[in-house]
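Protein chains in written order, with our numbering: chain A, 4 to 225; chain B, 13 to 262.
All C-beta atoms, glycine included, are put in the ideal place defined by N, C-alpha and C.
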Ligand SMILES: Nc1ncnc2c1ncn2[C@@H]1O[C@H](COP(=O)(O)OP(=O)(O)OP(=O)(O)O)[C@@H](O)[C@H]1O
Ligand SMILES: [Mg+2]
């Protein structure tokens, strides 16, 4: 198990993991030069484990690029219902140059669910030519759901490309109406839009079998 | 005598507290084509939104019956399954929802309403292919997200493609001709004409006589300031083209 450990990814190596419905992920990764890391943290508990008492999810990911030309990809997807809550923290540090990091984190919150994202991105003075992107997109499916987003960017190098964006919204009413106008009931229309929202995270999973399985399980609910 | 399909009685509707429809009366029989023309902002799209149950609009008074059923009491999706179809003036893009999944969901919802089994995957694909051909749409359409990245004209063709798939009894075409090039206009109009049966009817909202050369209306109505102020035959559209709304002495 890599959970709760410090993992060293050796020069030129690739490390990929999909964490599916783990109650907690605690990952500390040190990347050496030219290594690649791709992490998926997927929390869709109420679909998989009906009636489980899994209520509070905590994800902590610390990744430091200590060698040049590393790539880091972090994808997170949480689809929570009832009183479930999730806190996901990512701490990505570029200590040296030429590295890339891409983060896409999506939270879908129904009922009274709560989400909290802390995104800590640090680009040290020596990390010139770094390219770092962090995107957080959230969907609130009820008025009682709540999302907190705390991005924190610390950039000490001048020749870098860094972007971050966060948005929280509701389902597109005009798209819902368009589907209803074609005879699709509102509940199903909502589910189609939620699935579409989730798919672009799931589509980034490299393992084809797992990817297809997860995507097909979305469609089969319809 | 053909049967009454749609009956609108003294319909009033508002949006954001502002009254837009101020007493619309209209009866449509099976087999008829009704054109609705009228100045910008007259309430034409509002009428289509209200008929299809768009929740943004509030019906303040009046009645609407589709085949003697109280249309205003039905959910939007039930109206659609009962055969009311709107070709939107501005079709909506739905990223991430493929045309195939969308169309299958729509078609099966209608079939379930009619007490039929869901369509088999093979039949569905055959039907999709056949109807795409009617509109001269490309095969790759199936995997694309609904309307996403479609050109203005492609979106309008896609509306009529969906109409062909669902075979509604009442289709409302809201400025389906706007944004179409000359060939696309002909293709769309021919598509609409081929879908015409003695049992169904259409409301064609347009600003231009040009479309009515292809889709010949039985009646032309002028909607102005929330009311139908004039009704005539197809020559009314020609008169309008010539004189404009101001020349009508409404
Ligand atoms: N949300 C809103 N709040 C207030 N007024 C609105 C709102 N939406 C539309 N309207 C107004 O309702 C009126 C009727 O609009 P509608 O779209 O029905 O016109 P139309 O006849 O379809 O015009 P066009 O020919 O330009 O398509 C317009 O004056 C418009 O500005
Ligand atoms: Mg309009």
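For residue 244 of chain B, three-class secondary structure by DSSP:
The answer is strand: DSSP assigns residue 244 of chain B an E or B state.
In chain order, which beta strand (DSSP E) runs of at least 3 residues are fully inside the stretch 156-243 of chain B?
Taking 3 residues as the minimum length, the beta strand (DSSP E) runs contained wholly in the stretch 156-243 of chain B are 182-186, 213-217 and 231-236, in order along the chain.
Using the beta-carbon of each residue, which ones in chain A are nearer than 7 Å to residue 174 of chain B?
Within chain A, the residues near residue 174 of chain B are 185.
Residues of chain A with CB under 9 Å from residue 108 of chain B, in chain order?
At a beta-carbon threshold of 9 Å, the residues of chain A lying near residue 108 of chain B are 195, 196, 198, 199, 200, 201, 202 and 203, ordered along the chain.
For residue 143 of chain A, which residues of its own chain have a beta-carbon under 7 Å away from its beta-carbon, when the five flanking residues on both sides are left out?
Hits under 7 Å: 112, 150, 171 and 173.
Quick one: Cα of residue 229 of chain B to Cα of residue 44 of chain B, how far?
Between residue 229 of chain B and residue 44 of chain B, the C-alpha separation is close to 8 Å.
Mind the definition here: the stretch 96-116 of chain B touches the stretch 62-80 of chain B only if three or more C-beta pairs lie below 8 Å; say whether that holds.
Flag = yes, the stretch 96-116 of chain B and the stretch 62-80 of chain B touch.
Kindly indicate which three-state DSSP category residue 51 of chain A falls into: helix, strand or coil?
With a pLDDT of only 45 at residue 51 of chain A, under 50, the local geometry of the prediction cannot be trusted, and the value read off the model is given with reservation. Residue state, collapsed to three classes: helix.
DSSP beta-bridge partners for residue 88 of chain B?
Under DSSP, no beta-bridge partner is assigned to residue 88 of chain B.
Beta carbon of residue 187 of chain B: closer than 7 Å to some heavy atom of ligand 2?
Distances between the C-beta of residue 187 of chain B and the heavy atoms of ligand 2 include at least one below 7 Å.
So which residues on chain A does residue 88 of chain B lean against when the C-beta distance must stay under 7 Å?
Residues of chain A whose Cβ lies closer than 7 Å to the Cβ of residue 88 of chain B are, in chain order, 180, 183 and 184.
Beta-carbon contacts of residue 175 of chain B that lie in its chain and below 7 Å, excluding the five residues immediately before and after
Cβ within range, chain order: 97, 99, 183 and 207.
Can you pull the DSSP bridge partners for residue 32 of chain A?
According to the DSSP secondary-structure assignment, residue 32 of chain A is paired through a beta bridge with A:10 and A:66.
So which residues of chain A does residue 136 of chain B contact, with C-beta pairs closer than 9 Å?
Here the premise fails: no neighbours, minimum Cβ distance about 15 Å.
Among the candidates B:103, B:250, B:93 and B:169, whose CA atom is the shortest distance from the CA of residue 119 of chain B?
Closest option to residue 119 of chain B, Cα to Cα, is B:93.
Listing by chain order, which chain B residues have their CB less than 7 Å from the CB of residue 164 of chain A?
What residue 164 of chain A touches in chain B: nothing, since even the nearest Cβ is about 25 Å away.
Hey, would you say the C-beta of residue 190 of chain B is under 7 Å away from at least one heavy atom of ligand 2?
No, the Cβ of residue 190 of chain B stays beyond 7 Å of every heavy atom of ligand 2.
Taking the CB atoms as reference points, tell me whether residue 237 of chain B and residue 54 of chain B lie closer together than 8 Å.
It is a contact, given that the beta carbons lie within the stated cut-off.
Given 8 Å, three or more beta-carbon pairs between the stretch 195-202 of chain A and the stretch 13-33 of chain B:
No, the stretch 195-202 of chain A is not in contact with the stretch 13-33 of chain B.
Decide if residue 15 of chain A is buried, meaning its Cβ has at least 16 other Cβ atoms within 10 Å, or exposed.
By the Cβ-count criterion, residue 15 of chain A is exposed, with fewer than 16 other Cβ atoms from all chains shown falling within 10 Å of its own Cβ.
Which runs of the alpha helix (DSSP H) spanning at least 4 residues fall entirely within the stretch 55-141 of chain B, listed in chain order?
Fully enclosed alpha helix (DSSP H) runs of 4 or longer: 56-64, 88-93 and 111-125.
Report all residues from its chain with a CB closer than 6 Å to the CB of residue 18 of chain A; omit the five preceding and five following residues, and keep chain order.
By the criterion of a C-beta distance shorter than 6 Å, residue 18 of chain A is surrounded in its chain by 12 and 40, once the five residues flanking it on both sides are discounted.
Using a C-beta cutoff of 8 Å, does residue 93 of chain B count as contacting chain A?
Interface flag for residue 93 of chain B against chain A is set, since a Cβ pair is found closer than 8 Å.
Compare the C-alpha of residue 124 of chain B against each of B:90, B:110 and B:152 and name the closest.
If you compare the alpha carbons of B:90, B:110 and B:152 with that of residue 124 of chain B, the shortest gap goes to B:90.
Please confirm whether residue 62 of chain B has its beta-carbon closer than 8 Å to some beta-carbon of chain A.
Residue contact check for residue 62 of chain B against chain A: no CB pair falls below 8 Å.
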